[in-house]
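For reference, the structure is listed below as structure tokens.
In my numbering, the protein residues as written are 152 to 427.
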């Protein structure tokens, strides 16, 4: 039996400890792989007759962020969000990264800019407190994992795009509760309600970085609609640009480290950054 299967089955052996609304009468079975990403995989859980349960097992396969206690920070953020209906309910978590949570589904249609912005705004309004997002540490962690020549190329591109100035602006911004990874694959439906999954990057930080990650490559008008839906008081264009520039770098470095076939080279990123 391979290591992930051992970890999953250890969690299943603790089925009586799961805090389900309706406790199970007998242990479930591990079903098929439903989805997987760079850091996690999600497995179906079934009854003994192989009928699916409304819960799934999520296993952490590798750490993709820096920090002293990424699992504990993710769990705290997930609990805060779940209590306000912004994340799937979580019924069990162990110390090796296996989580039992409510099964949710991917939206059948693309999520609108307004709906995404509204979700971001509701996350920013959460009253919980998390550690502060340290973007410089995240960037340094990615750079340290690269070969020296590649690291130097990225550092030169960062200087050209004045990343230090953008980071300074975001660091001076008022911190809010942020998800920091609201990409398309992390948007799900719990019934008819839009929720977010994968809270490992959640932290207190600038809303403008969070929104830039969420906006991704959406058309300019959709991005404006999203920002207006999330920031109902005021949209600061200087912080928008700082968030976009920093988010594009963090995304590019993350891809370079974990999914290199999808990553831009420093020169391409620099050209794209000049348009922001």
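Where is the CB? At the ideal position from N, CA and C, for every residue including glycine.
Spatial distance of residue 383 from residue 176 (CA atoms) | 48 Å
Opposing strand residues paired with residue 280 [DSSP bridges] | Residue 280 pairs with nothing; no bridge assigned.
Own chain partners of residue 411 with C-beta closer than 6 Å, once the 5 adjacent residues on each side are dropped = none
From what residue to what residue does the alpha helix (DSSP H) around residue 317 run?
-> 314-323
Residue 310 classed as buried or exposed, judged by whether at least 16 other C-beta atoms fall within 10 angstroms = exposed
For residue 167, which of helix, strand or coil comes out of DSSP?
-> helix
Within its chain, find whatever has a CB closer than 6 Å to the CB of residue 357; leave out the 5 residues flanking it on each side and keep chain order.
-> 321, 324
Sequence ranges, alpha helix (DSSP H) only - wholly within the segment 345-402, length at least 4 = 358-366, 371-381
Quick one: Cα of residue 407 to Cα of residue 369, how far?
-> 21 Å
DSSP three-state call for residue 263: helix, strand or coil?
-> coil
Beta-carbon gap between residue 284 and residue 241 smaller than 8 Å = no
Inside the segment 196-250 only - beta strand (DSSP E) runs reaching at least 3 residues = 203-211, 241-244
Helix, strand or coil at residue 152 [DSSP, three-state] | Because the pLDDT of residue 152 is 41, which lies under 50, any placement of that residue in the model is unreliable, and the question is left without a value.
If you compare alpha carbons, which of 364, 405, 375, 198 is closest to residue 396?
-> 364
Cβ distance (whole Å) where residue 195 is taken to contact residue 186 below 8 Å = Contact doesn't hold; Cβ gap of about 10 Å is too wide.
Anticipated Cβ contact below 8 Å, residue 485 with residue 249, distance rounded = Residue 485 is absent from the model: the chain starts at 152 and stops at 427.
Identify, in the order they occur along the chain, each residue of the same chain with its Cβ nearer than 6 Å to the Cβ of residue 270, setting aside the five sequence neighbours on each side.
-> 345
Per-residue DSSP class, three states only, for residue 177 = coil
If you drop the 5 nearest sequence neighbours on each side, which residues of the same chain put their C-beta closer than 7 Å to that of residue 204?
-> 179, 196, 197, 198
Between the C-alpha atoms of residue 359 and residue 317, what's the straight-line distance to the nearest angstrom?
-> 11 Å
Would you report the Cα separation of residue 239 and residue 251, rounded to the nearest angstrom?
-> 10 Å
Straight-line Cα distance separating residue 181 from residue 423 = 44 Å
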